[in-house]
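First up is the structure itself, then whatever we jot down about it.
In the working numbering, the protein residues as written are 246 to 338.
Here you go:
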């Protein structure tokens with residue numbers, strides 16, 4: 246589901262696409278600002294997002310085989326919540 250589809254689905258549910266677009270935009274802004282500040286975002290039952298510092302490490306270029314150093318950097322770790330795990334597990338193959 247894309248952001249546009251999410252806004253449309255929420256807008257249909259609450260009968261106000263403008264409010265839905267504002268709410269989705271505000272949610273994305275708040276999550277982005279919180280992660281950028283180095284804090285975790287937890288939505289119980291749904292997911293948690295946590296900034297994590299990956300240390301500097303030596304890697305190997307697959308084309309040339311030469312080693313290189315990948316600098317340390319921040320990534321976001323995503324952990325699904327119990328409700329999301331249950332919903333995914335209930336889907337039939």
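All C-beta atoms in this analysis are idealised placements derived from N, C-alpha and C, irrespective of residue type, glycine included.
Going straight from the alpha carbon of residue i to that of residue j, what length do you get?
i           : j           : result
residue 285 : residue 272 : 14 Å
residue 322 : residue 280 : 10 Å
residue 302 : residue 269 : 37 Å
residue 325 : residue 294 : 9 Å
residue 314 : residue 320 : 17 Å
residue 316 : residue 296 : 16 Å
residue 304 : residue 333 : 34 Å
residue 263 : residue 251 : 12 Å
residue 335 : residue 292 : 17 Å
For the putative contact between residue i and residue j, defined by C-beta atoms under 8 Å, what is the C-beta separation to the nearest angstrom?
i           : j           : result
residue 328 : residue 290 : 4 Å
residue 318 : residue 299 : 6 Å
By the DSSP assignment, the alpha helix (DSSP H) with residue i in it spans what residues?
i           : result
residue 262 : 262 to 281
residue 327 : 327 to 334
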